[in-house]
Amino acid sequence: MKAAQICGNLASDDTDEQYPVVAYCDECFERLMLAGEDSVIVNEVSYEASHGDECHSCEKTVEDERLEQEGS
Ligand SMILES: [Zn+2]
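Position one of the sequence shown corresponds to residue 16 (the numbering used here), numbered consecutively onward.
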């Protein structure tokens, strides 16, 4: 699991809404990083449980990802 600060609601007065930190599964994170300038990712941050246990993009959970990695 990864986490990243992304471009959120820039019209908001709240920094947490402008650049929220969300969780991504490894797959989506890599895909978004490769998107370069088109990517919504502003900064990579280290994943913590407080970022949630579900991928912001595909809704894969930490548990799903763990099972996938164990199965391979
Ligand atoms: Zn994902």
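Every residue, glycine too, gets a C-beta built ideally from N, C-alpha and C.
What you are looking at is a predicted structure, and each value in this text was computed from that prediction instead of being measured.
- prompt: Where does Val55 fall in DSSP's three states?
  reply: Residue 55 sits at position 40 when you count from the first residue of the sequence shown. In this structure, Val55 counts as coil in the three-state DSSP scheme.
query: Between Ser61 and the rest of its own chain, which residues show a CB-CB distance below 8 Å, the 5 nearest in sequence each way excluded?
result: Translated into the one-based positions of the sequence shown, residue 61 becomes position 46. The residues Ala18, in chain order, have a CB closer than 8 Å to that of Ser61 in the same chain once the five nearest residues on each side in sequence are set aside.
- prompt: Where the beta carbon is closer than 6 Å to any heavy atom of ligand 1, which residues qualify, in chain order?
  reply: Tyr39, Cys40, Glu42, Cys43, Cys70, Ser72, Cys73 and Lys75
field: DSSP state of Glu69 mapped onto helix, strand, coil
entry: The sequence position of residue 69 within the sequence shown is 54, counting from 1. Strand, per DSSP.
field: Sheet register partners of Thr76 (DSSP bridge)
entry: Residue numbering aside, residue 76 sits at position 61 when the sequence shown is read from its first letter. Beta-bridge pairing links Thr76 to Glu69.
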